[in-house]
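Residue numbers (mature numbering (1 follows the signal peptide of the UniProt record, and there is no 0)): -40 to -1, 1 to 347. Backbone N, C-alpha and C define an ideal beta-carbon position, used for all residues, glycine too. What you are looking at is a predicted structure, and each value in this text was computed from that prediction instead of being measured.
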Amino acid sequence: MTRTRGRHRRQKRGRALRGVLAGTALALTAAATMISASQATVDDNPGELKPLTSRAELSTLRLSEDLVPERSLDRLTTRLGRPVGVDTVLADADRTLRDPADCTAAERAALPITPEATRAYCWDAADTRGWRSGPVTTSGDADDDGRWGERRVLLSAWSDGTASRVAFVDATELDRLRYTWVGLTVPTDDGSAYRPLRTAVSGMVWYQDKLLVTTRDGVYVHDMHRVQRAAGADGSRFVLPAVGVYRPAGASPVGLSLDRTTSPDSLVARGGDRLWRYAFSADPGRTGLLATGRATEAFRSGADGPGGVLSHRSRWYVTQAGEEHGTLWRQGASEARATYCGAHDSHRCWSGSTSSLSYWQETGEVWSQSGRTLFALPLSSIDRSLD
């Protein structure tokens, strides 16, 4: 009987969730019908992707690997105490994301109009006040079975100008997301201690046992096996030290994502009007690290500016921010397509500002967040809305 009642509760909860999301979608669609025709004209089509082949241009995309020596890491670990696992961090999760019914109207307005989100949650306002939301990644990036051990996990980055932290979210039960904070740290210049990562995180990918986060200084590499207990000034009970950094020859990438449809798996990057990728190493001794710092392919995109990027089966998806709603484009070798909504066929159907697109291969969903709103929807629904 207990299982039956639990299943009925989940079914009712699922119907309520769909009702809230459907009601939100109707309200957003109604608002979209009021968009003026003049707004539709400013959604310029970025056009097809143009391959970059110039040696000079490709050289600016190179990354130089700088890993902290193992003996130095062990010395620092001795000072902080024995590392703990991700399971230990999640066992400490004592905060809960809000369901759509408990989100404010402004938070629900951050959801895409078309296609509709099928999952949505909102972060605690008091817990995130003064912090700016950033990219998300999942255990669907970390392992192709979508799990880290026995759990499904979401990671969400936040920055306040003086520190950056990541919410470790236990997503094993998708109707009840619980989380706790982990501060990001990097070694000091003399290698004797760690300091907070003070620059904002604009892109993040969890691949195998490494978490790669990009900032204006480069792409930092954090080892998920080296989480430490530590009371941080930002309210976190744990810290995740960096074990290395990739220094860019030119500007640092802004957006990151993982592409499992290439061989080997690849790290996708976006910066300005360029999109490119790096191959991950297949060496068992270099798990989660790049094969080389050279881009395996690169393109120029007409979709400029910050935003999320995703590559899947040779299709590239990029987002562009907007004041109320942004645009999601799919670009290829011959054309670009965007979702449409409203009476005037506006492109402004996506969330207003999303810094990442993270594809969960196991479920076929794309995860992202805008402000205090975390959401997901099937990649197939994005493709249908584009086609």
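Indicate the three-state DSSP secondary structure (helix, strand or coil) for Glu25 in the structure shown. strand
Classify Ala51: buried if its beta carbon has 16 or more other beta carbons within 10 angstroms, exposed otherwise. exposed
Use the C-beta contact count for Pro11: other C-beta atoms within 10 angstroms, 16 or more gives buried, fewer gives exposed. exposed
Cβ-Cβ distance between Glu30 and Tyr206 below 7 Å: no
May I ask you to report which of helix, strand or coil DSSP gives Ala160? coil
In three-state terms, what does DSSP make of Glu76? coil
8 Å contact criterion, which Ser313 and Thr74 should meet: CB distance rounded: Not quite, the Cβ-Cβ distance comes to about 17 Å (not below 8 Å), so this is no contact.
Return yes when the Cβ of Ser124 is within less than 7 Å of the Cβ of Leu157, no when it is not. yes
Could you compute how far the alpha carbon of His285 sits from the alpha carbon of Ser330? 10 Å
Can you find the residues in the same chain that come closer than 6 Å, C-beta to C-beta, to Thr78, ignoring five residues on each side of it along the sequence? Leu337
CB contact flag (Leu218, Tyr167, <7 Å): yes
Closest residue to Ser261 among Tyr277, Gly178 and Ser318 (Cα-Cα distance): Tyr277
Return the first residue and the last residue of the alpha helix (DSSP H) that Asp219 is part of. Here Asp219 belongs to no alpha helix (DSSP H); instead the beta strand (DSSP E) covers Gly215 to Asp219.
Are there 16 or more other CB atoms within 10 angstroms of the CB of Ala131, so buried, or fewer, so exposed? buried
Alpha carbon to alpha carbon, what distance is there between Ser196 and Val113? 18 Å
Please list, in chain order, all residues of the same chain as Ser341 whose beta carbon is under 8 Å from its beta carbon, the five residues on each side excluded. Pro75, Glu76 and Thr78
Which runs of the beta strand (DSSP E) fall wholly inside the region 278 to 333 and span at least 3 residues, in chain order? 285 to 291, 296 to 298, 318 to 320 and 325 to 330
Return the first residue and the last residue of the beta strand (DSSP E) that Ala258 is part of. Glu257 to Arg260
Can you tell me which of Gly94, Leu235 and Ala69 puts its alpha carbon nearest to the alpha carbon of Ala117? Gly94
How big is the Cα-Cα spacing for Leu339 and Pro266? 21 Å
Simplified DSSP assignment, three categories, for Val2: Because Val2 sits at a pLDDT of 38, beneath the cut-off of 50, its placement in the model cannot be relied upon, and the following sentence gives the value as read from the coordinates. Reduced to three states, the DSSP call for Val2 is coil.
Sort Arg15, Arg234, Pro43 and Thr56 by Cα distance to Val187 and report the nearest one. Pro43
By Cβ distance, which residues of its chain are closer than 8 Å to Ala16, with the 5 residues on each side in sequence left out? none
Same chain, Cβ closer than 6 Å to Asp343, five either side skipped, listed in chain order: none
On the three-pair Cβ rule with 8 Å, is the region 245 to 258 touching the region 55 to 71? no
Below 8 Å CB to CB, which residues in the same chain sit around Arg(-38) once its five sequence neighbours on both sides are set aside? Confidence is the limiting factor: at Arg(-38) the pLDDT is only 40, short of 50, which leaves the residue's position unreliable, though a coordinate-based value still follows. Here the set comprises nothing.
Using only CA atoms, which one of Pro208, Glu8 and Glu110 lies nearest to Thr48? Glu110
If the criterion is Cβ atoms closer than 7 Å, does the pair Thr88 and Arg275 meet it? no
Would a C-beta distance cut-off of 7 Å place Asp183 and Val161 closer than the cut-off? no
Return the chain-ordered ranges of every alpha helix (DSSP H) run that is complete within the region 55 to 100 and spans a minimum of 4 residues. 65 to 68 and 85 to 88
Are the region 141 to 153 and the region 97 to 110 touching, with three or more C-beta to C-beta distances below 8 Å? no
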